[in-house]
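Trainee:
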Amino acid sequence: MRYSEPAPAKVNLALHVRGRRADGRHNLETLFAFCVDGDRLSAEASDEISLDLGGPFATALRGEQDNLVLRAARDLQRAAGVEQGAALHLQKNLPVASGLGGGSADAAAALRLLTRLWKIDPDHAAAVAPDLGADVPACLLSMTARGEGVGDQLRPVDAADISGTPILLVNPLEPLSTAKVFARWDGEDRGPLGEDWRSGRNDLEPAALAEVPAIGVILDWMRDQPGVTLARMSGSGASCFALFDTETALERGASACPDKWWHMASFLR
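Residue numbers for the sequence shown follow this note's numbering, beginning at 2 and rising by one.
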């Protein structure tokens, strides 16, 4: 039997950086949300763990020595004491190093998928997730949640005003290193993220813009589109998102997006 699991694109609706930690990481306050669309992972039983790749961005991952999907599978196998393997296939639809949590979402999808395939306790997946990356616990839930700490301290929030919102994701097709963006952050704490995420911000935008100026061009273009209610960068970039007031406005915005940029029209879950 072949199992399949979505790996929804992650969006940081707001991202406040509150300070550097002694371990070199950063204390954050963010609101995670997830799109209906993204990558997709499938698997079937096998003697060994293997991964094959397809989709428009598969080439960027080929030859990767430390793919997060394989790490997730091997870590879960060890944690649960499973001898069975899995033949995994990743349909890579999202750009790599794009601020959409693609690698984290793929790893989280692997944990959910293999929990079903191997018929093991989901607690094993929850225990493994934090060691795979700060965003993996949020992606494991794949539901609207407030993240604190390094983003791994999660509190689900009411998504009634978020779910179903039309969203356009746009990326300039320039990979952006998260480490470089955080290294450029100016270190200033500009205050907490309140309950009204729309009045928040992304504190990493200036640092990301210095690395990839096209981010500013995308944001300006988004804010000029009819029906846009909010436009921001997601995560550490370089992807940006625009929220629209209607599906029709979303369709028009997606149609108007310049061909030189990658884009995906979707809805928030």
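A virtual CB, placed ideally from N, CA and C, is assigned to each residue, including glycine. Quick caveat: nothing in here was measured; it's all calculated off a predicted structure.
How is the beta strand (DSSP E) around TRP198 delimited, first residue to last?
Mentor: First-last for TRP198: undefined, no H or E at that position.
Trainee: Leaving aside the five residues before and after ARG113 along the sequence, list all residues of the same chain whose C-beta is less than 6 Å from its C-beta, in chain order.
Mentor: Here the set comprises GLU6.
Trainee: Taking one C-beta from the segment 83-98 and one from the segment 220-234 each time, how about it: are there three or more such pairs within less than 8 Å?
Mentor: Output reads no: the segment 220-234 does not touch the segment 83-98.
Trainee: Could you spell out the range, first to last residue, of the alpha helix (DSSP H) harbouring LEU142?
Mentor: Here the alpha helix (DSSP H) through LEU142 covers 137-142.
Trainee: Write down the C-beta distance between VAL137 and ALA109 rounded to the nearest angstrom, noting that I regard them as a contact closer than 8 Å.
Mentor: Rounded, the Cβ-Cβ distance is 5 Å, consistent with contact.
Trainee: Cα separation between LYS11 and LEU29?
Mentor: So the alpha carbons of these two residues sit roughly 16 Å apart.
Trainee: Rounded to the nearest angstrom, what separates ALA111 and PRO176 at their Cα positions?
Mentor: So the two alpha carbons sit approximately 23 Å from each other.
Trainee: Please tell me whether ALA44 and TYR4 are closer than 8 Å, where the distance is taken between their beta carbons.
Mentor: In contact: ALA44 and TYR4 (Cβ atoms closer than 8 Å).
Trainee: Ignore the nearest five residues each way along the sequence and tell me which others in GLY55's own chain have a CB closer than 8 Å to its CB.
Mentor: Within the same chain, GLY55 has close Cβ partners HIS90, LEU91, GLN92 and LYS93.
Trainee: Assuming the contact rule is C-beta atoms closer than 8 Å, THR31 and LEU16 should be a hit. Round their C-beta distance to whole Å, please.
Mentor: Their Cβ separation, rounded to whole angstroms, is 5 Å, which keeps THR31 and LEU16 in contact under 8 Å.
Trainee: Report the CB separation of LEU169 from ASP107 in whole angstroms; it is logged as a contact under 8 Å.
Mentor: About 22 Å separates the two Cβ atoms, so there is no contact after all.
Trainee: If I measure Cβ to Cβ from LEU244 and keep anything under 6 Å in the same chain, skipping five residues before and after, which residues do I get?
Mentor: Within the same chain, LEU244 has close Cβ partners THR166, ILE168, THR230 and LEU231.
Trainee: Taking the runs of the alpha helix (DSSP H) that are 4 residues or longer, which of them lie wholly in the segment 75-157?
Mentor: Runs found: 103-118, 123-133 and 137-142.
Trainee: Can you find at least 3 beta carbon pairs, one from the segment 180-192 and one from the segment 202-216, that sit closer than 8 Å?
Mentor: Counting Cβ pairs under 8 Å, three or more are found: they touch.
Trainee: What is the rounded straight-line gap between the Cα of CYS258 and the Cα of TRP198?
Mentor: Approximately 26 Å, taken between the alpha carbons.
Trainee: Is the distance from the Cβ of SER240 to the Cβ of GLY100 below 8 Å?
Mentor: Yes. Within cutoff.
Trainee: Please report the straight-line C-alpha distance between GLY134 and VAL151, rounded to a whole angstrom.
Mentor: Looking at the two C-alpha atoms, the distance is approximately 10 Å.
Trainee: For the segment 160-191, which segments carrying the beta strand (DSSP E) assignment without a break, of at least 3 residues, lie completely within its bounds, in sequence order?
Mentor: The qualifying runs are 167-172.
Trainee: I think SER275 touches ALA98, with their Cβ atoms under 8 Å apart; what is that distance to the nearest whole Å?
Mentor: In this structure the chain extends from 2 to 270, so residue 275 is not present and cannot be described.
Trainee: Between GLY236, PRO57, ALA250 and LYS261, which lies nearest to VAL18 when the distance is taken from Cα to Cα?
Mentor: That would be GLY236, whose Cα lies nearest to the Cα of VAL18.
Trainee: Considering ASP24, what are the terminal residues of the alpha helix (DSSP H) in which it resides?
Mentor: It is not in any alpha helix (DSSP H) - ASP24 carries neither H nor E in the DSSP assignment.
Trainee: Using a Cβ-Cβ cut-off of 8 Å (strictly less than) and excluding sequence neighbours within five positions of VAL213, which residues of its own chain qualify?
Mentor: Cβ neighbours of VAL213 beyond the five flanking positions: PRO173, GLU175, LEU177, GLY238 and ALA239.
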